[in-house]
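Read the structure below first, then the notes.
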Amino acid sequence: MPNTPQSAALSRYDQDLPQTPANYAALTPVSLVRWAADVYPDHIAVLHGQMRTSWAELLTRAEALAAALADRGLSRGSTVTVMLPNTPAMIEAHYAVPMIGAVLNSVNTRLDAATVAFILGHSETELFIVDCEFAATVREALAILAADGKPVPAVVDVVDPVYEGAVERLGELDYDALLAAGQARIDTGKLDRATLAGPADEWDAIALNYTSGTTGNPKGVVVHHRGAYLNAVGNIVAWNLPRHPVYLWTLPMFHCNGWCFPWTIAAVAGTHVCLRKVDPELIFKLMQQHRVTHYCGAPVVHTGLINAPEQWSKDIDWTIRAMVAGASPPATMIEGMDRLGFEVTHVYGLTEVYGPAAVCAKHEAWQALPLSEQADRNARQGVRYQVQQAMDVLDPDTLQPVPRDGSTMGEVVFRGNITMKGYLKNPTATKEAFAGGWFHTGDLGVIDAEGYIRLKDRAKDIIISGGENISSIEVEDVLYRHEAVLACAVVAKPDPKWGETPLAFIELKPNAKVTAEALIEHCRQGLAHFKCPREIRFVELPKTSTGKIQKHLLREQAGSAGAIGG
Numbered sequence: 007m008p009n010t011p012q013s014a015a016l017s018r019y020d021q022d023l024p025q026t027p028a029n030y031a032a033l034t035p036v037s038l039v040r041w042a043a044d045v046y047p048d049h050i051a052v053l054h055g056q057m058r059t060s061w062a063e064l065l066t067r068a069e070a071l072a073a074a075l076a077d078r079g080l081s082r083g084s085t086v087t088v089m090l091p092n093t094p095a096m097i098e099a100h101y102a103v104p105m106i107g108a109v110l111n112s113v114n115t116r117l118d119a120a121t122v123a124f125i126l127g128h129s130e131t132e133l134f135i136v137d138c139e140f141a142a143t144v145r146e147a148l149a150i151l152a153a154d155g156k157p158v159p160a161v162v163d164v165v166d167p168v169y170e171g172a173v174e175r176l177g178e179l180d181y182d183a184l185l186a187a188g189q190a191r192i193d194t195g196k197l198d199r200a201t202l203a204g205p206a207d208e209w210d211a212i213a214l215n216y217t218s219g220t221t222g223n224p225k226g227v228v229v230h231h232r233g234a235y236l237n238a239v240g241n242i243v244a245w246n247l248p249r250h251p252v253y254l255w256t257l258p259m260f261h262c263n264g265w266c267f268p269w270t271i272a273a274v275a276g277t278h279v280c281l282r283k284v285d286p287e288l289i290f291k292l293m294q295q296h297r298v299t300h301y302c303g304a305p306v307v308h309t310g311l312i313n314a315p316e317q318w319s320k321d322i323d324w325t326i327r328a329m330v331a332g333a334s335p336p337a338t339m340i341e342g343m344d345r346l347g348f349e350v351t352h353v354y355g356l357t358e359v360y361g362p363a364a365v366c367a368k369h370e371a372w373q374a375l376p377l378s379e380q381a382d383r384n385a386r387q388g389v390r391y392q393v394q395q396a397m398d399v400l401d402p403d404t405l406q407p408v409p410r411d412g413s414t415m416g417e418v419v420f421r422g423n424i425t426m427k428g429y430l431k432n433p434t435a436t437k438e439a440f441a442g443g444w445f446h447t448g449d450l451g452v453i454d455a456e457g458y459i460r461l462k463d464r465a466k467d468i469i470i471s472g473g474e475n476i477s478s479i480e481v482e483d484v485l486y487r488h489e490a491v492l493a494c495a496v497v498a499k500p501d502p503k504w505g506e507t508p509l510a511f512i513e514l515k516p517n518a519k520v521t522a523e524a525l526i527e528h529c530r531q532g533l534a535h536f537k538c539p540r541e542i543r544f545v546e547l548p549k550t551s552t553g554k555i556q557k558h559l560l561r562e563q564a565g566s567a568g569a570i571g572g
């Protein structure tokens, strides 16, 4: 039942007008999966290697998994943790775990064993579903739990036929056997499929996502069925997603539950094209093989496609729509995607708001502008999703909106239905995040006269040099415009005279050559001199599994004050 203010006075519109099963149902993505299977049972839902699974078959498999979980005593509030790449088992877990009211905890596949052990213990995981590729890390994590005297969850092994590496089994049973056991319970009538409908209360938790910790332990973000359902629908509206899209999984599903796209694709009866790892050549191959229409990813994923050999993409003669998230993508990236014939939509959000909660909503009038001006407008983080109540830029001290002048900086904040319940077992962090009735992102930005927000930096990434604020994003955008630069990150370097100065870490394109002096001079053509890097270091940039550059590691190398606390 929805939460309603207890103090609300009853009116004539409340009398003899009760909520009943006929006029109210909790919002849950489980209903979207059932809709796809009911309406388009024979449409292909999943493509993976030689596997072809229809929506009817996918629902059957998800129900079998849910039945097996219930048979093992898992129910509302139980934690089911998965460590899986973008495979059918990962999709099925997103459908099955919510069916019994349990909470899905998707673990970043690149985490170290100590962090995985912390997550398992902190979440009180009862069942751990693991792809055999990650067996070594998981084995070590389980050993850490045992050594600390903490409960060790049961493990289910997933052996993916597409995986070509060595297979090590850790669990008492494998995934296919688990599904078979669940299906047997349904077939023998020991479990009624009607009980696999999801929660009675849409405020119930559906998923747990741990934010990457740069120092200390990560925080567990708890999200609910209502928000997951609404953001799944919000993705459709924001992207104008048609019926039956062919969606390629370049975005890891462990990242904000794949921005809720496992449930979004069900809502439009689309086709999931699975991908174990990001590989530009394989991505283009799958795009052509399955005539992919949509995919999502961080800027580094799109940059990899732009810089791939031309012959890999030469046979794509249809429009592919790409969603890019995060800080403003460089104009060169947007222009490069346009040359490929890919249409880019820029979104913005965080784990705490289910992934994307804002979109750079496009206007037809922009099409008449030069490409560079179109790219500049499309690089804004944009406006709130229709399913989010509000998004604004506030003065951090007064919590009042900053002027809509495109230059006054403040903190980006959200409030509404696609905002987390809070941080698991961390009331202090939850209270701080929701101070003043807003979710505080920690991102600094401006808002223009059109109401579009543009990020300027993370609060900890602003460089204060001689009393002047320098946006690292602004400097990075200029560096990206140099033809030799593949990726870059600008951080603060301590300076005895100025306090801090910009230090740029540069990753060059293959076979490209350029000197540090040439790059600094390039910056001076587009920036005030005090904003230009005082030093350039050529490196291979450290990145997360979602393609984000790990600035905290670079700040540590530079000795930045911001290195403490990430």
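Add 6 to a position in the sequence shown, counting from 1, and you land on the number used in my numbering. Idealized CB from N, CA, C, for every residue including glycine. All values derive from a computational prediction rather than experimental measurement.
With DSSP run on the structure shown, which of helix, strand or coil describes residue i?
i: residue 241; result: helix
i: residue 166; result: coil
i: residue 18; result: coil
i: residue 462; result: strand
i: residue 266; result: coil
i: residue 208; result: coil
i: residue 220; result: Confidence at residue 220 is low in this model, with a pLDDT of 43, below 50, so the placement of that residue should be treated as unreliable; the coordinate-derived value is given next. Residue state, collapsed to three classes: coil.
i: residue 105; result: helix
i: residue 175; result: coil
i: residue 402; result: coil
i: residue 573; result: In the structure as shown, the chain begins at 7 and stops at 572. Residue 573 is therefore absent and cannot be evaluated.
i: residue 138; result: helix
i: residue 375; result: coil
i: residue 483; result: helix
i: residue 260; result: coil
i: residue 281; result: strand
i: residue 28; result: coil
i: residue 252; result: strand
i: residue 122; result: helix
i: residue 434; result: helix
i: residue 23; result: coil
i: residue 390; result: strand
i: residue 182; result: helix
i: residue 305; result: helix
Any heavy atom of the ligand GDP within a distance shorter than 8 Å of the CB on residue i?
i: residue 158; result: Questions concerning the ligand GDP fall outside what the structure shown contains, since it holds no ligand whatsoever.
Per DSSP, residue i is paired with what?
i: residue 370; result: BP columns for residue 370 are empty, so no partner.
i: residue 354; result: 364
i: residue 290; result: Paired residues: none, contrary to the question.
i: residue 160; result: 133
i: residue 349; result: 327
i: residue 213; result: 110 and 229
i: residue 453; result: 459
i: residue 445; result: 420
i: residue 300; result: 253 and 327
i: residue 195; result: The partner list for residue 195 (beta bridge, DSSP) is empty, contrary to what the question assumes.
Compare the Cα-Cα distances from residue i to each of the options and report the closest residue.
i: residue 72; options: 378, 189, 457 and 300; result: 189
i: residue 582; options: 337, 405 and 367; result: As displayed, the chain neither begins before 7 nor continues past 572, which places residue 582 out of reach and without an answer.
i: residue 109; options: 234, 510 and 174; result: 234
i: residue 213; options: 241, 243, 263 and 186; result: 263
i: residue 78; options: 280, 226, 257 and 106; result: 106
i: residue 68; options: 102, 482, 372 and 85; result: 102
i: residue 31; options: 87, 203, 539 and 281; result: 203
i: residue 104; options: 283, 65 and 303; result: 65
i: residue 412; options: 309, 398 and 307; result: 398
i: residue 433; options: 226, 135 and 55; result: 226
i: residue 325; options: 483, 485, 82 and 349; result: 349
i: residue 61; options: 471, 384, 121 and 271; result: 271
i: residue 401; options: 352, 481, 323 and 447; result: 447
i: residue 244; options: 353, 556, 217 and 170; result: 353
i: residue 3; options: 167, 494, 290 and 500; result: Nothing in the structure corresponds to residue 3, since the chain is present only between 7 and 572.
i: residue 86; options: 36, 38, 161 and 46; result: 161
i: residue 237; options: 246, 361 and 217; result: 361
i: residue 80; options: 372, 484, 159 and 152; result: 159
i: residue 497; options: 293, 560, 186 and 523; result: 560
Counting only runs of 3+ residues fully inside the segment 489-571, write out the beta strand (DSSP E) ranges in chain order. Within the segment 489-571, complete beta strand (DSSP E) segments of at least 3 residues are found at 491-501, 505-514 and 541-544, given in chain order.
Counting only runs that start and end within the segment 34-114, where is the beta strand (DSSP E) found for 3 or more residues in a row? 50-54, 57-60, 85-89 and 109-112
Count the C-beta pairs between the segment 112-120 and the segment 134-151 that are closer than 8 Å, then say yes if the count reaches three, no if not. yes
Quick check: the segment 363-371 against the segment 387-395, are there 3 or more CB pairs under 8 Å? yes
Cβ pair count under 8 Å reaching 3, the segment 46-56 against the segment 267-285: yes
Any 3 or more C-beta pairs closer than 8 Å across the segment 452-464 and the segment 422-437: no
Would you call the segment 499-517 and the segment 525-543 in contact, with 3 or more CB pairs under 8 Å? yes
Can we say the segment 439-457 touches the segment 254-272, given the rule of at least three CB pairs closer than 8 Å? no
Does the segment 16-26 come close enough to the segment 241-260 to have 3 or more Cβ pairs within less than 8 Å? Inter-segment contact for the segment 16-26 and the segment 241-260 is absent: fewer than three beta-carbon pairs are separated by less than 8 Å.
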